[in-house]
Every structure is written in structure tokens, then in C-alpha cells.
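The working numbering numbers the first residue of the sequence shown as 502 and each following residue consecutively.
Glycine included, each C-beta is placed from N, C-alpha and C at the ideal position.
Input: a single structure, listed below in C-alpha cells.
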Amino acid sequence: MTLFTPPSFTNNNFNVFSNNLNLVDEVLVTKPSLLLKESPLERLPHHYISWENTADILPKLISQILDKQSCNKEHKYLEARKLLENLPKYEINHLKAEKERHRAILLLGIFAHAWVWLPYVSGMADRPEHFIPEQISVPLHQLTEIFARPPILTNSDLFDNNWKQNTLTEDVSIDNLDILNGFIENDAEKYFYLVYFLMTWKGDLAIQAMLEIQKSLQEIRLADGVFLSKIAENLDVIAKSLEEIRKNLTQVFSKINKEEWFNKVKYFSLGWNNKEMFPNGVVYKGVKAYNEQGQFFNGPSGFQYSVFQCLDAFLDVKHEAYINQVDARSYMPSNQITIINAIENSSKLRTLLTEFKVGDEKFSINVDSKSYQGVTASYNNCIRQLKNIRGLHFGVVSKYLTKMILQELEDKIILTTGGQENNHEQLLRNIINHPTTQAI
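Here it is in C-alpha cells:
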């Protein structure tokens, strides 16, 4: 257990389908957070020691397999496959606590992805594996079913539930963090996972402010007045949080070896919703609900980033990726979905600012134009900060990743993280330039 307390907590049992009129108030009572109440569990109970031991050994083997200087690649590959094949068939009934279940999902998800992708990434096969053995698939399916989500790794698993502090202090920064588990002994993987955890951590500080503003907007409809000064203060909190995210992204992206990440790490986090690579999906052996039928699931992707979904909903940013974001919510934890729904289904600040007229009879308080201009300036600052973050992300994608993707396309290998061909660069460009991302 770490010595710090997350900026705010959420009740994961909150009913996502509550009455929209009271949704913001109900979420505020729970002290909402995009993160779980406690820091992630670092080890499972001793009963599951084989899972933990495998998670310790597997990255070392994969690193040796992918090492171009390795002289016993095939031997290490067979050793890794045998390690996963020999996993015991554990029951999940000893996993009582929520954080135990989340850790088990992380480990089993890593095993599943390693099993599917290692044959292809290592060059030992022309295609990824088409099935997951039952000692992995059955408990993974049982655990993810508890949380009503697909049995595959998600952003929440790899980023939000996969970190620890090196020193137990209040310092939550890249220099005092490490990941719990990964596929490869590789700094590129570590920093890639941590940068998105820190994005959620920093973004979490803005959630309370967003919901407070939504509450103020609801009170406007009840003729309780326009609390523009309070709204401006909360907008400044959001803008400050976004600036912290941008600084963090800049710092951590500079630490990531992009080619190392692309050539080794990227594959293992991909899902199996690409019919070019998985024409019949992936069979989850022993899972009765699937009846030996291949399944198509997305892996972790930008569409699952809860911070962006919250910001888009709050700032009323609309773009062509919205449908992808909605689809991605089936892969996200309930606390994040609850917050997104509360923000998305509430009054829109942008609408108020674009339609506002000083002295309008529908408002119970005559607000001077100076106050309105102050709120508009604060809102526009948030828009600008969000565009800066997406622009930074776009720059990394354009400079490092798109070039590598095009090289793979020339070899007729099409990879996807979100259920479509990888046109991430054009999608980011369209989002950044969409009219609703412009200042008022």
C-alpha cells in the first residue's frame, strides 16, 4: 500500500443508468475518480504462485527470443511456450478482493497476448496463434465476466492497474514509478505504459472540476443563477491539469525509444479484431460461452483513454472518432463509464457560452459581459490545451509510427488496435482540425 491517497475516489458499484437529471449530483457524492481506490496489488496470494512465477520469467525469455544477437532463439521460444502450456488450471474462487481480481486479469491477459503474438513476433510462424489454451482462457474469461468486459487486455489493465512507486512518498512522477509487469525487459515498454497512467492521474484532478461546472449549469436551468466566477475557477483547474499532462507527455515521450517500442512491444498489446491477421478470430479453449467459436476483440487503444473521452464530453468536442469512443466503453471499467456518462448527458458549457446574451430573461441574475468574457477565455484556454496535447501526440505518431506502419503495409501486413486499418495519423489530424475543437 502506498503512502499517498489518490486525488479522489469513486464507488465502482454506482449505477451507470441513473436518472440523468440527478446523475452529476450522485457522482459528486461518490468523490469520482478515473482510478481505483487503492494502488494496484503487487503480488497475488500464495495459492497463485505459478502465475506470479510465470509473469517473472516470461519477459526474460521473450527478451532473449527477440534479441538479434541470440544464438539459441528457437530453444528459448520452445521454453516460453512450454512455460505457458504448463500453467496449472487454477480456480478463481480464492480471489475475493477486487484488486486481486484486477491483478489476476493483468497476468492472464499478458499470458494470453504472449501466447497469441509470440509465434509471429519471434518469426517462428507466419501468423499469430489462433487459440488460447484453457488454463489461460477460462480463468481470464471468468474474471473479466465479473466486470462485464471482454477477456483481453485493456488500457485499464496495462496502464491504470500496472504501476508501483519505487519509494513510498507523495511523489507520483515518472522518476519514482515502475510497472508491475510487462512482456519484455524494456524501458520503451515501461515508459509507454507509465505515460498513459500519468495522463489519467493528472487528468483525474480535473474530473471534480468538470462535474462541479456541470452542476452549476444544471442550477442555471433551475433559475438559481449563473455562477460564472465559480465556473471560471473550475475551468482554470482543468486547464492547469491539461498543462501538467502536456508537460508529462513531453518528458516521457523523450525517454521512449520509438523504434524499440514499435518493433518489439507494440505487437504484444494488439488485439485480434483484424480479419487480415485473424480471419477466424481467436478461439478461447474451454470457454463454454464461446462454444469453440473464434472471437474478435480490440486490444488497448487510444479510444479507451478515459481522460480524452471526459474532456471531449465536457468541452462538447465532436469528431469522427466518437463512435469508436462509444464502442471502446465496453472495454472500460465502470467507474470511468459512470463519469463519462455523467458529463456527456449533462448541460453543455459550450452551448451556454455561444448562446449567452447579457440580461437574458431565462437567467435569474444579470451577469455583466466582463464575467462572461472571463469564462469564455478560460474555456478557450482548455480547448487550446487539449489541442496542444493532441498535437503533441500527433507529432509522435506522424514522425515515428506512421513511417513504420507504411513499411509494414508495403509488406502486406496490416495491423490495427481499434478494429480498423491503421489510419491513426489522418484520424488525429481530423480530430485536431474539427470545428468543435476551435475556440469560441
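8 Å Cβ cutoff met for residue i and residue j
i, j, result
"I841", "A814", "yes"
"V784", "E793", "yes"
"I647", "R602", "yes"
"F798", "N774", "yes"
"N687", "D679", "no"
"W459", "A689", "No answer is possible for residue 459: the residues shown for the chain start at 502 and end at 941."
"S770", "L659", "yes"
"N677", "T670", "yes"
"E630", "P620", "yes"
"Y943", "K756", "Look at the range of the chain in this structure, 502 to 941, and you will see that residue 943 is not part of it."
"A707", "S879", "no"
"I563", "G800", "no"
"L681", "P541", "yes"
"C883", "A740", "yes"
"Q719", "S623", "no"
"L535", "N836", "yes"
"T877", "L854", "yes"
"M778", "R628", "yes"
"I593", "L644", "yes"
"L585", "W552", "no"
"P546", "H595", "yes"
"V738", "I675", "no"
Member of the options whose CA lies at the smallest distance from the CA of residue i
i, options, result
"D661", "V818, E592, K703, S755", "K703"
"K590", "V639, E553, K776, A710", "V639"
"M700", "S730, R604, E744, Q715", "E744"
"T555", "L588, I732, N735, L644", "L588"
"Q796", "C883, E580, H642, N846", "H642"
"Y694", "N656, L607, T855, Y578", "N656"
"L579", "M625, H548, E553, L545", "M625"
"R444", "K569, P560, A649", "Since the first and last residues shown for the chain are 502 and 941, residue 444 lies out of range."
Spatial distance of residue i from residue j (CA atoms)
i, j, result
"L750", "V808", "14 Å"
"N764", "I685", "12 Å"
"A724", "G772", "Note that A724 scores 40 on pLDDT, short of 50, meaning its location in the model is unreliable; the coordinates nonetheless yield the value given after this. About 49 Å."
"A940", "D817", "12 Å"
"V827", "E575", "42 Å"
"V673", "F698", "10 Å"
"I566", "K731", "57 Å"
"N825", "K871", "39 Å"
"C811", "A790", "33 Å"
"Y806", "H894", "13 Å"
"G875", "N881", "10 Å"
"E845", "Q715", "10 Å"
"A598", "Y549", "14 Å"
"I637", "E543", "20 Å"
"S802", "P651", "14 Å"
"T917", "Y873", "Low local confidence applies: a pLDDT of 44 at T917 is under 50, so the model's placement there is unreliable, with the coordinate-based value given in what follows. Those two C-alpha atoms are separated by around 44 Å."
"A649", "V766", "27 Å"
"R830", "I890", "22 Å"
"L607", "E856", "47 Å"
"R885", "M833", "27 Å"
"E539", "K600", "8 Å"
Coarse secondary structure for residue i, derived from DSSP in three states
i, result
"I633", "strand"
"V622", "helix"
"V738", "helix"
"F510", "Annotation note: pLDDT 26 at F510 (below 50); position unreliable, no value reported."
"Q796", "strand"
"R650", "coil"
"R602", "helix"
"P640", "helix"
"I757", "coil"
"C572", "coil"
"L916", "For L916, the predicted structure reports a pLDDT of 47, less than 50, and the residue's modelled location is therefore unreliable. The matter cannot be settled from this model."
"F779", "coil"
"Y694", "helix"
"S674", "coil"
"D658", "helix"
"M711", "helix"
"G610", "helix"
"L542", "coil"
"L559", "helix"
"A940", "coil"
"K888", "helix"
"D627", "coil"
"M833", "coil"
"L567", "helix"
"N532", "The question names Asn, but residue 532 is Lys in the sequence shown. Correct three-state label for K532: coil."
"G875", "helix"
According to DSSP, residues forming a beta bridge with residue i
i, result
"W664", "I680"
"V784", "F632"
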